[in-house]
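Q: As numbered in the numbering used here, the sequence shown has no gaps in its residue numbers, which increase by one up to the final residue, 337.
Just so you know, even glycine gets a beta-carbon here, dropped at the ideal spot from N, CA and C.
My questions all concern the structure below.
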Amino acid sequence: MTPPLVSSGPHIEAVAITCASAERSAAFFCASLGFIRLAEERVEGGPQAALFGLPQGRLQRVQLGLGEERLDLIEVLDPGPGQRPGRPLPPDSRSCDLWFQHLCLVTADLAASHARLQPLLAAGAITAVSAAPQRLPEWNTAAAGIWAFKFRDPDGHNLELLQFPDGKGDPRWHRPRPAAGDELLGIDHSAIAIADTARSRSFYSNLLGLKALPSGENCGLEQDRLDGLSEVRVQITPLRCAAGMGIETLGYLPPNQGRPRLMDQAPQDLAHWQIRLAASGLDRIAASAAAFGGRVLPPGLMALEAGAGGSRRALRLADPDGHELLLVEAAGVSAP
2 MTPPLVSSGP
12 HIEAVAITCA
22 SAERSAAFFC
32 ASLGFIRLAE
42 ERVEGGPQAA
52 LFGLPQGRLQ
62 RVQLGLGEER
72 LDLIEVLDPG
82 PGQRPGRPLP
92 PDSRSCDLWF
102 QHLCLVTADL
112 AASHARLQPL
122 LAAGAITAVS
132 AAPQRLPEWN
142 TAAAGIWAFK
152 FRDPDGHNLE
162 LLQFPDGKGD
172 PRWHRPRPAA
182 GDELLGIDHS
192 AIAIADTARS
202 RSFYSNLLGL
212 KALPSGENCG
222 LEQDRLDGLS
232 EVRVQITPLR
242 CAAGMGIETL
252 GYLPPNQGRP
262 RLMDQAPQDL
272 AHWQIRLAAS
282 GLDRIAASAA
292 AFGGRVLPPG
302 LMALEAGAGG
312 SRRALRLADP
322 DGHELLLVEA
332 AGVSAP
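What follows is the structure, encoded as structure tokens:
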């Protein structure tokens with residue numbers, strides 16, 4: 002795994018997803034998508050479980066890496082007293098539903114990456130969202146020439162394979178790579194479905210300090226085939242960190258405005274994701290979150306154990322549509 006880039010601003014340390022079986026998911030991501038296994042741990046309640054939203058829960062965490070990015074697979078062994086069992090993802094979930102989130106995996110050869118998935122797709126172990134790999138059209142200047150394919154992992158989590166043409170995307174995706182190197186390069190972003198583009202842009206840029214790039218609108222036959230929907234019009238806003246992966250908001254327009262997330266969605270549910278964002282100014286963020294449409298989640302501002310990678314405090318936070326972040330205050334991260 003490539004060492005993480007040093008950043009002077011907010012940056013994403015990891016993305017966590019709740020899995021039915023951390024070991025099964027790890028086997029899939031490593032064998033089929035080129036991730037490497039970094040570490041594993043058992044969490045028996047306490048501060049780490051509380052920061053995941055289950056203070057008395059028993060968790061199994063497997064940490065994976067791809068390029069400079071980290072993916073945490075969380076299996077909830079026991080959510081704790083008084084907590085209901087976890088639920089699967091709704092089988093009729095769509096890209097426009099407001100619980101939707103995906104990881105965009107960058108590949109140097111989408112055809113090869115797609116071919117690697119074919120046995121699993123044929124066996125029904127994973128499911129396709131896209132009709133086939135799609136090349137975005139020339140009229141769409143910002144995205145012209147990008148190849149993409151969307152699918153779901155064994156638990157139903159949404160993933161996207163994406164190949165950038167020359168001149169598009171982060172320059173790191175175009176670095177020379179070893180001839181025998183894997184074609185999967187890293188994670189470009191995590192995309193989230195949102196209800197209001199302006200509101201989400203303000204939350205992530207003005208409150209959290211990510212850099213909002215100009216929004217664009219994708220539509221047409223290629224986007225329909227990519228998303229598995231009809232008459233798609235989606236406003237896409239990239240939100241970049243100083244280095245590494247970013248966040249992308251997806252504001253679907255009629256007729257594909259999606260359903261809101263269930264009010265009782267919980268960390269033990271397979272629809273649960275958590276973005277771990279290193280940032281500073283946590284007191285300001287906690288005090289201002291509601292004004293930007295966000296919500297501070299229990300346990301609020303919480304001190305971390307001394308020596309935990311230079312981290313000092315953490316804050317669990319929901320964005321205006323309920324997508325969850327864990328903000329970690331780290332030394333050397335400038336205030337947004």
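Spell out the partners DSSP gives residue 286 in its beta bridges.
A: For residue 286, which the question treats as bridged, DSSP gives no partner whatsoever.
Q: Within its chain, find whatever has a CB closer than 8 Å to the CB of residue 199; leave out the 5 residues flanking it on each side and keep chain order.
A: Excluding sequence neighbours, residue 199 sits near nothing in its chain.
Q: What number of angstroms, rounded off, separates the C-alpha of residue 18 from the C-alpha of residue 252?
A: Going from the Cα of residue 18 to the Cα of residue 252 covers about 22 Å.
Q: Could you say which of 185, 96, 155 and 244 lies nearest to residue 230 if we only look at CA atoms?
A: When each option's Cα is compared against that of residue 230, the closest is 96.
Q: Given that a residue counts as buried once 16 or more other Cβ atoms are within 10 Å of its Cβ, and exposed if not, what is residue 23?
A: With 16 or more Cβ atoms within 10 Å of its Cβ, residue 23 is classed as buried.
Q: Below 8 Å on the Cβ atoms is my contact criterion, and I expect residue 122 with residue 129 to pass it. Report the Cβ-Cβ distance as a whole number of Å.
A: 6 Å between Cβ atoms; contact.
Q: Kindly list the residues whose CB is nearer than 6 Å to the CB of residue 232, restricted to its own chain and excluding five residues on each side of it in sequence; keep chain order.
A: Result list for residue 232: 256, in chain order.
Q: Apply the 10 Å Cβ neighbour rule to residue 150 and answer buried if 16 or more other Cβ atoms are within range, or exposed otherwise.
A: So residue 150 ends up on the buried side.
Q: If you scan the segment 169 to 195 from start to end, which runs of the beta strand (DSSP E) of 3 or more residues do you find wholly inside it?
A: Listed in chain order, they are 185 to 194.
Q: Quick one: complete beta strand (DSSP E) runs, 3+ long, within the segment 227 to 255?
A: Complete beta strand (DSSP E) runs here, min 3: 234 to 241 and 247 to 253.
Q: Check the DSSP bridge columns for residue 30 and list the partner residues they point to.
A: DSSP, once it has assigned bridges, lists no residue as partnering residue 30.
Q: Relative to the C-alpha of residue 295, which residue among 278, 303 and 317 is closest?
A: Of the listed residues, the one whose Cα sits closest to residue 295 is 317.
Q: Helix or strand or just coil, what does DSSP make of residue 225?
A: In this structure, residue 225 counts as helix in the three-state DSSP scheme.
Q: Can you pull the DSSP bridge partners for residue 153?
A: Residue 153 is bridged to 128 and 159.
Q: So, is residue 202 buried or exposed, given that buried needs 16 or more other C-beta atoms within 10 angstroms?
A: Residue 202 is buried by the Cβ-count criterion.
Q: From this set, 278, 74, 93 and 227, which residue's C-alpha is nearest residue 132's C-alpha?
A: For the residues 278, 74, 93 and 227, the minimum Cα distance to residue 132 belongs to 227.
Q: Since residue 105 contacts residue 188 with CB under 8 Å, what's their CB separation in whole angstroms?
A: The pair is a contact, with the Cβ atoms about 7 Å apart (cut-off 8 Å).
Q: According to DSSP, simplified to helix, strand and coil, what is residue 208?
A: The answer is helix: DSSP assigns residue 208 an H, G or I state.
Q: Using DSSP with H/G/I as helix, E/B as strand and the rest coil, what is residue 217?
A: Strand at residue 217.
Q: Going by DSSP in three states, residue 323 sits in which element: helix, strand or coil?
A: Looking at residue 323 - three-state DSSP - the assignment turns out to be coil, as it is neither helix nor strand.
Q: Mind the definition here: the segment 259 to 269 touches the segment 22 to 36 only if three or more C-beta pairs lie below 8 Å; say whether that holds.
A: Because the criterion of three Cβ pairs below 8 Å is not met, the segment 259 to 269 and the segment 22 to 36 do not touch.
Q: If you draw a straight line from the C-alpha of residue 163 to the C-alpha of residue 84, how long is it?
A: If you take the alpha carbons of residue 163 and residue 84, they lie about 38 Å apart.
Q: Apart from the five residues on each side of it in sequence, which residues of its chain come closer than 6 Å, Cβ to Cβ, to residue 1?
A: This structure does not reach residue 1, given that the chain is present from 2 up to 337, and the question cannot be answered.
Q: So, for residue 144: in the same chain, excluding its five sequence neighbours on each side, which residues have a beta-carbon less than 6 Å away from its beta-carbon?
A: Once the five neighbours on either side are set aside, the close Cβ partners of residue 144 are 137.
Q: Restricting to Cα atoms, I'd like to know which of 329, 209, 325 and 114 is closest to residue 279.
A: The shortest C-alpha separation from residue 279 is found at 329.
Q: Just to confirm the assignment, what range does the beta strand (DSSP E) spanning residue 202 have?
A: Element bounds for residue 202: not the beta strand (DSSP E) but the alpha helix (DSSP H), 198 to 203.
Q: How is residue 25 classed by DSSP in three states: helix, strand or coil?
A: Correct three-state label for residue 25: helix.
Q: Report the option in 152, 291 and 287 whose CA atom is closest to the CA atom of residue 303.
A: Of 152, 291 and 287, the residue nearest in Cα terms is 287.
Q: In the DSSP assignment, what are the bridge partners of residue 66?
A: Partner(s): 37 and 71.
Q: Beta-carbon separation of residue 71 and residue 15 under 7 Å?
A: Going by C-beta atoms, residue 71 is nearer than 7 Å to residue 15.
Q: When you compare each of 158, 268, 293 and 300 to residue 87 by their alpha carbons, which one comes out closest?
A: Nearest option by C-alpha distance: 268.
Q: In the DSSP output, which residue or residues are listed as bridge partners for residue 148?
A: According to DSSP, residue 148 bridges with 136 and 164.
Q: On the CB-based measure, 16 or more other CB atoms within 10 Å of its CB, does residue 301 come out buried or exposed?
A: Counting Cβ neighbours within 10 Å, residue 301 comes out exposed, since fewer than 16 surround it.
Q: Quick check: residue 174 and residue 107, are their CB atoms within less than 7 Å of each other?
A: Taking 7 Å as the Cβ cut-off, residue 174 and residue 107 qualify as a contacting pair.
Q: Please name the residue, chosen from 46, 67, 65 and 68, that lies closest to residue 58 on a Cα-to-Cα basis.
A: The shortest Cα separation from residue 58 among 46, 67, 65 and 68 belongs to 46.
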